[in-house]
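Contents: one structure, followed by commentary.
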DNA sequence: TGCTTCGGTGAACGACTGTGCACTATCAGG
DNA sequence: CCTGATAGTGCACAGTCGTTCACCGAAGCA
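Protein chains in written order, with our numbering: chain A, 68 to 276; chain B, 68 to 276.
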């Protein structure tokens, strides 16, 4: 025997997650049927229930998994910030890392981008919550940057929200234009310009007392 | 007789559009069935075909209709800009108009926000195209603002994209928090702050030669 | 007035949906 | 080694789905 029982179960679970991720590439979770997933995995429909209570539960598992990818990206971005010299370097490396991760975890980013707006309510809620956490983290990062010493925490959150929104939009645009390296290069350059514009504005900003 | 034949037909068509819009409030077009719509309207499923070739065609019609609402908003924004005094006034009035229109045309904005990411490919494409047109228009508006005389057209587009992205995100957030006036007020204030930050950055910006 | 056009009807089809239940085969632990 | 747990099977059920077809009745034009 080469596999223990829990290993086999985990393998099937993974196969289900992968199948769902694959089927979600050009549709949404709400238009996904249990039977499609089962057929893709190569199991009988009822066996699905051995692993997930419903498609919605599957979706929540995919949210968790996808945000592992996203957080890995944020870790890389932070490491880049530590190594980089000035603002320009931070912007350049951060966008490069974004582009790279979107490529490597295309399915996860696509899933988040789509289900954020279209998934079952609980999935939407979960994604919204995770993104809010990311914004909060970014806000504390921004607080450490020179020039933001006197900012109110509200303003930090607002700036953080703007940056996250712009980067999410960039990721979506990259996903739409996958397999078009020229367009993608332009999108990355645009994202860098946007970040620079925002940071220039931020450096001039003074919070109201 | 109170109604001519074309009037009756148009009335049914409207009823179908309204029913679809209503059913799309908490689901997506791809999870919408022809029979649901027909039942909601009060006609037999096959009668649907007298008005639309498919659900997808219905979606494209809804895109057209929704962007009529959105363009009406942009017209109001431009009128506000003409009347307003300085940058601060423009920002304040623009965001107010956004909030107001999102309320008045809740279903249309919700539809765009959702199907933009989750709709059938042709619907996504149509929405993407319309938003791009809006960005283009905003770019020409920005070109008329004092301080952007020396900007490259690329930079104008990039700034326009950033602003549109931020405003779309604001509209989505308002839709999520509908019926919570306190949250909504905060969101509007955040949007104003973001616009001010961006404009401050833009005023300092100099395009590369 | 008579004929045509056409929005809407109703039955029928084959395919697909989620879910329940009884079953089997196999691995893990006593 | 035997026994209980359990991942996966197979069948069945009642719905819903999109689409077809022949048909109806009233509006509109001649």
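Here a beta-carbon is modelled for each residue, glycine too, at the ideal position from N, C-alpha and C.
So, residue 86 of chain B versus residue 107 of chain B, is the Cβ gap smaller than 8 Å?
The criterion of a C-beta distance shorter than 8 Å is satisfied by residue 86 of chain B and residue 107 of chain B.
In chain B, what lies closer than 8 Å to residue 172 of chain A by C-beta?
Within 8 Å Cβ-Cβ: nothing; residue 172 of chain A doesn't reach chain B, min ~17 Å.
Between residue 267 of chain A and chain B, is there a C-beta pair that is closer than 8 Å?
Closer than 8 Å: yes.
Start and end of the alpha helix (DSSP H) containing residue 204 of chain A?
Residue 204 of chain A -> alpha helix (DSSP H) spans 188 to 211.
With 16 other Cβ atoms within 10 Å as the buried cut-off, status of residue 68 of chain B:
Confidence at residue 68 of chain B is low in this model, with a pLDDT of 48, below 50, so the placement of that residue should be treated as unreliable; the coordinate-derived value is given next. Taking all protein chains in view, the Cβ of residue 68 of chain B is surrounded by fewer than 16 other Cβ atoms within 10 Å, so the residue is classified as exposed.
Can you tell me whether DSSP reads residue 126 of chain A as helix, strand or coil?
The DSSP-derived three-state label of residue 126 of chain A is helix.
Any contact of the segment 196 to 207 of chain A with the segment 221 to 231 of chain A, i.e. 3+ C-beta pairs under 8 Å?
A contact exists between the segment 196 to 207 of chain A and the segment 221 to 231 of chain A.
I'd like to know if residue 244 of chain B contacts chain A, where contact means its C-beta is closer than 8 Å to some C-beta of that chain.
Taking Cβ atoms only, chain A never reaches closer than 8 Å to residue 244 of chain B, which makes this a no.
Taking the alpha-carbon positions, what's the residue 161 of chain B to residue 255 of chain B distance?
Looking at the two C-alpha atoms, the distance is approximately 10 Å.
In angstroms with no decimal places, state the Cα-to-Cα distance between residue 247 of chain A and residue 138 of chain A.
Rounded to whole angstroms, the separation of the alpha carbons of residue 138 of chain A and residue 247 of chain A is 26 Å.
Could you please give the first and the last residue of the uninterrupted alpha helix (DSSP H) stretch that includes residue 170 of chain B?
Its alpha helix (DSSP H) spans residues 154 to 171.
Under a three-way DSSP split, which group does residue 111 of chain A fall into?
Reduced to three states, the DSSP call for residue 111 of chain A is coil.
Three-state secondary structure assigned by DSSP to residue 68 of chain A
Residue placement at residue 68 of chain A is poorly supported in this model, since its pLDDT is 46, which falls under 50; the coordinates are not used for a value here.
Quick check: is the beta carbon of residue 68 of chain B nearer than 8 Å to any beta carbon in chain A?
In this predicted model, residue 68 of chain B has a pLDDT of only 48, less than 50, meaning its place in the structure is not dependable enough to derive any value.
With the cut-off set at 8 Å, would you say residue 168 of chain B and residue 140 of chain B are in Cβ contact?
Yes, the Cβ-Cβ distance between residue 168 of chain B and residue 140 of chain B is below 8 Å.
Could you pull out every unbroken alpha helix (DSSP H) segment of at least 4 residues lying fully inside the segment 71 to 108 of chain A, listed in chain order?
Whole alpha helix (DSSP H) segments, 4+ residues: 72 to 90, 101 to 108.
Check residue 275 of chain A in the structure and name its three-state DSSP category.
Of the three classes helix, strand and coil, the one that applies to residue 275 of chain A here is coil, per DSSP.
Residue 273 of chain A to residue 194 of chain A, Cα distance in whole Å?
If you take the alpha carbons of residue 273 of chain A and residue 194 of chain A, they lie about 32 Å apart.
Determine the direct distance from the alpha carbon of residue 268 of chain B to that of residue 89 of chain A, and round the result to whole angstroms.
Answer to the nearest angstrom: the Cα atoms are 41 Å apart.
Decide if the segment 178 to 185 of chain A is in contact with the segment 232 to 244 of chain A; the criterion is three or more beta carbon pairs, one per stretch, under 8 Å apart.
As far as the Cβ criterion goes, the segment 178 to 185 of chain A touches the segment 232 to 244 of chain A, which means the pair count is three or higher.
Exposure of residue 73 of chain B, with buried meaning 16 or more beta-carbon neighbours within 10 Å
Exposed, by the Cβ-count rule.
So, does the CB of residue 212 of chain B fall closer than 8 Å to a CB anywhere in chain A?
Any Cβ of chain A closer than 8 Å to the Cβ of residue 212 of chain B would place that residue at the interface, and such an atom is absent.
For residue 83 of chain A and residue 67 of chain B, the rounded distance between their alpha carbons
Past the edges of chain B, shown from 68 to 276, lies residue 67 of chain B, and the structure says nothing about it.
What's the C-alpha gap between residue 211 of chain A and residue 132 of chain A?
Taking the straight line joining both Cα atoms gives about 29 Å.
Check the Cβ-Cβ distances between residue 73 of chain B and every residue of chain A, and say whether any is below 8 Å.
False, the Cβ-Cβ gap to chain A never drops below 8 Å.
Please list, in chain order, the residues of the segment 236 to 261 of chain A that have any C-beta partner in chain B closer than 8 Å.
Those would be 236, 239, 243, 257, 260, 261, in chain order.
Under 8 Å, do residue 184 of chain B and residue 185 of chain A count as touching if we go by C-beta distance?
Between residue 184 of chain B and residue 185 of chain A, the C-beta spacing is below 8 Å.
Check for me: the alpha helix (DSSP H) holding residue 232 of chain A runs from which residue to which?
That run of the alpha helix (DSSP H) goes 220 to 243.
Output, in sequence order along the chain, the residues in the segment 89 to 116 of chain B whose CB is closer than 7 Å to any CB in chain A.
Listed by position, the residues of the segment 89 to 116 of chain B near chain A (Cβ gap below 7 Å) are 94, 95, 97, 98.
Report the option in A:165, A:134, A:135 whose CA atom is closest to the CA atom of residue 147 of chain A.
Of A:165, A:134, A:135, the residue nearest in Cα terms is A:165.
Proximal chain A residues relative to residue 184 of chain B, where beta-carbon distance stays under 9 Å
Per Cβ cutoff of 9 Å: 95, 180, 181, 182, 183, 184, 185, 239.
For a contact meaning CB atoms closer than 9 Å, what does residue 222 of chain B contact in chain A?
Below the 9 Å Cβ cutoff, chain A contributes 260, 264 as neighbours of residue 222 of chain B, in chain order.
What is the C-beta distance between residue 251 of chain A and residue 241 of chain A, in whole angstroms, given that I count them as a contact (C-beta under 8 Å)?
Their Cβ separation, rounded to whole angstroms, is 6 Å, which keeps residue 251 of chain A and residue 241 of chain A in contact under 8 Å.
Partners in chain A for residue 155 of chain B, counting only beta-carbon separations shorter than 7 Å:
Residues of chain A whose Cβ lies closer than 7 Å to the Cβ of residue 155 of chain B do not exist, since the nearest Cβ in that chain is about 13 Å away.
Looking at the C-beta of residue 225 of chain A, does it have a partner C-beta in chain B at a distance below 8 Å?
Taking a beta-carbon distance threshold of 8 Å, residue 225 of chain A counts as an interface residue toward chain B.
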